[in-house]
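These notes concern the structure reproduced below.
There are 2 protein chains.
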Amino acid sequence: MKPVIIEKEEIIKLLDFKEIISVIEKSFIDFSEGKLVMPPPQDIVIEEFRGETHIKSAYVEGNDSYCVKIASGFYDNPKLGLNSSQGMMILLDSKTGAPKCILLEDGILTDYRTAAAGAVAAKYLARADSKNVLVIGSGIQARLQVEFLLQVFEIQRLCVWGRNEESVKNYCDYISKFNFLDLEVLTTVQDHKEIDIVITTTPARSPLLSVVEKGAHVNAVGADMPGKQELSPKLLAKAKIITDSTSQCEKSGELQHALQSGDICLKDVHAELGEIVSKTKKGRESSDEITIFDSTGLGIQDLAIAKYVYEKFINLAE
Amino acid sequence: MKPVIIEKEEIIKLLDFKEIISVIEKSFIDFSEGKLVMPPPQDIVIEEFRGETHIKSAYVEGNDSYCVKIASGFYDNPKLGLNSSQGMMILLDSKTGAPKCILLEDGILTDYRTAAAGAVAAKYLARADSKNVLVIGSGIQARLQVEFLLQVFEIQRLCVWGRNEESVKNYCDYISKFNFLDLEVLTTVQDHKEIDIVITTTPARSPLLSVVEKGAHVNAVGADMPGKQELSPKLLAKAKIITDSTSQCEKSGELQHALQSGDICLKDVHAELGEIVSKTKKGRESSDEITIFDSTGLGIQDLAIAKYVYEKFINLAE
Chain A
1 MKPVIIEKEE
11 IIKLLDFKEI
21 ISVIEKSFID
31 FSEGKLVMPP
41 PQDIVIEEFR
51 GETHIKSAYV
61 EGNDSYCVKI
71 ASGFYDNPKL
81 GLNSSQGMMI
91 LLDSKTGAPK
101 CILLEDGILT
111 DYRTAAAGAV
121 AAKYLARADS
131 KNVLVIGSGI
141 QARLQVEFLL
151 QVFEIQRLCV
161 WGRNEESVKN
171 YCDYISKFNF
181 LDLEVLTTVQ
191 DHKEIDIVIT
201 TTPARSPLLS
211 VVEKGAHVNA
221 VGADMPGKQE
231 LSPKLLAKAK
241 IITDSTSQCE
251 KSGELQHALQ
261 SGDICLKDVH
271 AELGEIVSKT
281 KKGRESSDEI
291 TIFDSTGLGI
301 QDLAIAKYVY
311 EKFINLAE
Chain B
1001 MKPVIIEKEE
1011 IIKLLDFKEI
1021 ISVIEKSFID
1031 FSEGKLVMPP
1041 PQDIVIEEFR
1051 GETHIKSAYV
1061 EGNDSYCVKI
1071 ASGFYDNPKL
1081 GLNSSQGMMI
1091 LLDSKTGAPK
1101 CILLEDGILT
1111 DYRTAAAGAV
1121 AAKYLARADS
1131 KNVLVIGSGI
1141 QARLQVEFLL
1151 QVFEIQRLCV
1161 WGRNEESVKN
1171 YCDYISKFNF
1181 LDLEVLTTVQ
1191 DHKEIDIVIT
1201 TTPARSPLLS
1211 VVEKGAHVNA
1221 VGADMPGKQE
1231 LSPKLLAKAK
1241 IITDSTSQCE
1251 KSGELQHALQ
1261 SGDICLKDVH
1271 AELGEIVSKT
1281 KKGRESSDEI
1291 TIFDSTGLGI
1301 QDLAIAKYVY
1311 EKFINLAE
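Read top to bottom, the protein sequences are chains A and B.
Under my numbering, the first sequence has 223 at position 223, and the numbering climbs by one with no breaks.
Under my numbering, the second sequence has 1148 at position 148, and the numbering climbs by one with no breaks.
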């Protein structure tokens, strides 16, 4: 049996926001309850060309497929007219190891599953009446996080802050297709008022956000490797902290900094998101508390979205 | 640019023994002289189905491609009429990370590059007049090692020993196509006489071979992970030891056992094969000495053979 090969253009046509949220929501339960195989990532760093490739793999016991993801970031690619993100996902048959499907996705499935995880977190952690959103950053993740959030909340006002003026302008042009949104560009991050949900999506390596209002929820998406940081440890100290994987966030997420500075300790982490989705632990308990979702990205989310695309492709082909 | 996809049947048609020996010979020099990126393998073990997947990657500075290999062994596959070996190699562009080629090779390129490494080792280490060969094991590697060796030596007599009678019979049927070979099946390994080159190719976990004659060369191919062993440490103590990678052989090759038992210490290792190929160190120095090549398999060999197949495919297509 030769593997099915699905190209990026075909993959994009198959993606449905609501379906992906549901698939990723389920993957958080699998992560908390299932018997997993998720080896540490393999990293190939090509210094001469400012490139890096990370290989993440995941298997959930009982699942008919497992996933290997090759995801690269080559930071000089835009000069060549190419995306920085490159890569593919490969589904393998759990019983035989035979390749079932190669998804030539160039990193977009990582973008989608990350944004969907943000929507799942907000669904369980933000106030149900949330309507004012602040997004920090103006790249692909800043777009997708908002598009996924729109599936869950009736957002009315969207504030955006970004370092690069042209990129913020492009962001606004793109977002203007949601003409019901009251769009506002902030000159400084701290300028924001009456914000219910904050989403941080930058590759920053020092805090951009130190204060949010009572009752706000924060999706901290940017920090996903050692050294990256968007939130002040003081903000974490005031909040109820939920992680995608506490052990991974300790090394790669916002947790790394707040733990190191001593502003929090490990027992201050309230839960992993899967425990809240599966109702093992409580989510938001009052309209006053600040909640933070520390998101670093899990191999099991890659498995979930790869399998979703593959099965949808096969069903449509039949 | 979409990656080129090459299927197993097409790959097999492209493989030329002499060319592969030359490509692998060069890769040993790259290994000893080049600036390499070869991260530790990523291992995914799926216990329920007796399966394991190992991901090996390699990049050599200045090379226009780097390689990711997904190689699986699922030991119940033969019951399903499938090969135990499954997998693929992926070539990525060193400047951009973009996938250039996917080789759906099901593990055969690993088989070929391993056998070619044996021929390279024998070329530099066995006596030039070698004509009597003993092969231990009767699987695919026992076939290919002999086929590659035939490119380098005028073998006249081939002795074979294997645990499984039927498999040895199939081996002899296959090898009988080389009708100039005087073929002999041994009932015990120690039975052999006047053997110039010994090749061990089994998955054994305790010594099968403890004695060889003066002047013999041994290709120790089977031991390629912790726990595997085909040679007695006493035999290593009597021999000039050459490895593919000393640091890897310490963990996964015959070295692990001989070091642990104290029969040798690390300074007894004479050289890595690349140092001999590049003439930095001497190979065989007398017709009396016993030489042993401890082969564990290198990611750089995967890169070399994947690149060879890809370039040959592209050149033929043009």
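Backbone N, C-alpha and C define an ideal beta-carbon position, used for all residues, glycine too.
CB contact below 9 angstroms: residue i versus chain A
i: threonine 1053 of chain B; result: yes
i: glutamate 1061 of chain B; result: yes
i: glutamine 1248 of chain B; result: no
i: lysine 1002 of chain B; result: yes
i: aspartate 1076 of chain B; result: yes
i: serine 1252 of chain B; result: no
i: isoleucine 1005 of chain B; result: yes
i: leucine 1082 of chain B; result: yes
i: serine 1278 of chain B; result: no
i: serine 1057 of chain B; result: yes
i: glutamine 1086 of chain B; result: yes
Cβ separation of residue i and residue j, assumed to be a contact under 8 angstroms, to the nearest whole Å
i: aspartate 1302 of chain B; j: threonine 1053 of chain B; result: Wrong, their Cβ atoms sit about 14 angstroms apart, outside the cutoff.
i: aspartate 1244 of chain B; j: threonine 1201 of chain B; result: Actually they do not touch by this definition, with Cβ atoms about 15 angstroms apart.
i: serine 85 of chain A; j: glycine 274 of chain A; result: 26 angstroms between Cβ atoms; not a contact.
i: leucine 952 of chain B; j: leucine 1183 of chain B; result: Outside the shown range of chain B (1001 to 1318) lies residue 952 of chain B, about which nothing can therefore be said.
i: valine 1198 of chain B; j: valine 1212 of chain B; result: 6 angstroms
i: isoleucine 1292 of chain B; j: alanine 1220 of chain B; result: 6 angstroms
i: glycine 1087 of chain B; j: lysine 1069 of chain B; result: 7 angstroms
i: valine 160 of chain A; j: phenylalanine 28 of chain A; result: Rounded, the Cβ-Cβ distance is 27 angstroms, inconsistent with contact.
i: aspartate 294 of chain A; j: glutamate 254 of chain A; result: 5 angstroms
i: lysine 56 of chain A; j: glycine 215 of chain A; result: Contact flag wrong, Cβ pair sits at about 35 angstroms.
Assigned secondary structure, residue i (DSSP; H/G/I helix, E/B strand, else coil)
i: proline 1040 of chain B; result: coil
i: proline 1203 of chain B; result: coil
i: alanine 1271 of chain B; result: strand
i: glutamate 1052 of chain B; result: strand
i: leucine 1150 of chain B; result: coil
i: serine 167 of chain A; result: helix
i: valine 1060 of chain B; result: strand
i: isoleucine 1102 of chain B; result: strand
i: serine 1249 of chain B; result: Residue 1249 of chain B is actually cysteine in this sequence, not serine. It is helical.
i: valine 1212 of chain B; result: coil
i: alanine 128 of chain A; result: coil
i: cysteine 67 of chain A; result: strand
i: lysine 240 of chain A; result: strand
i: isoleucine 1021 of chain B; result: helix
i: glycine 87 of chain A; result: strand
i: isoleucine 1314 of chain B; result: helix
i: glutamate 230 of chain A; result: strand
i: leucine 1134 of chain B; result: strand
i: isoleucine 175 of chain A; result: helix
i: glycine 1034 of chain B; result: coil
i: isoleucine 1305 of chain B; result: helix
i: arginine 1113 of chain B; result: helix
i: arginine 1284 of chain B; result: coil
i: serine 1278 of chain B; result: coil
Strand pairing of residue i, partner residues [DSSP]
i: aspartate 182 of chain A; result: A:Arg157
i: phenylalanine 1074 of chain B; result: B:Gly1051
i: alanine 220 of chain A; result: A:Thr200 and A:Asp294
i: glutamate 1007 of chain B; result: B:Leu1104
i: isoleucine 1195 of chain B; result: Looking at the DSSP assignment, isoleucine 1195 of chain B forms no beta bridge with any residue, so it has no partner.
i: leucine 1092 of chain B; result: B:Tyr1066 and B:Pro1099
i: valine 45 of chain A; result: A:Glu52
Neighbour flag for residue i against chain B, beta carbons, 9 angstroms
i: glycine 73 of chain A; result: yes
i: valine 68 of chain A; result: yes
i: glutamine 260 of chain A; result: no
Listed in chain order, which residues of the segment 1088-1109 of chain B have Cβ atoms closer than 9 angstroms to some Cβ of chain A? Met1088, Ile1090, Leu1092, Asp1093, Ser1094, Lys1095, Thr1096, Gly1097, Ala1098, Pro1099, Ile1102, Leu1104 and Asp1106
query = Any residues in the segment 19-49 of chain A with a beta carbon nearer than 8 angstroms to a beta carbon of chain B? Which ones, in chain order?
reply = Val37, Pro39, Pro40, Pro41, Gln42, Asp43, Ile44, Val45, Ile46, Glu48 and Phe49
message = If the cut-off is 7 angstroms on Cβ atoms, which residues from the segment 1216-1248 of chain B count as contacting chain A, listed in chain order?
response = none
To be precise: take each residue of the segment 1294-1315 of chain B, compare its Cβ to all Cβ atoms of chain A, and keep it if any distance is under 8 angstroms. Which residues remain? none
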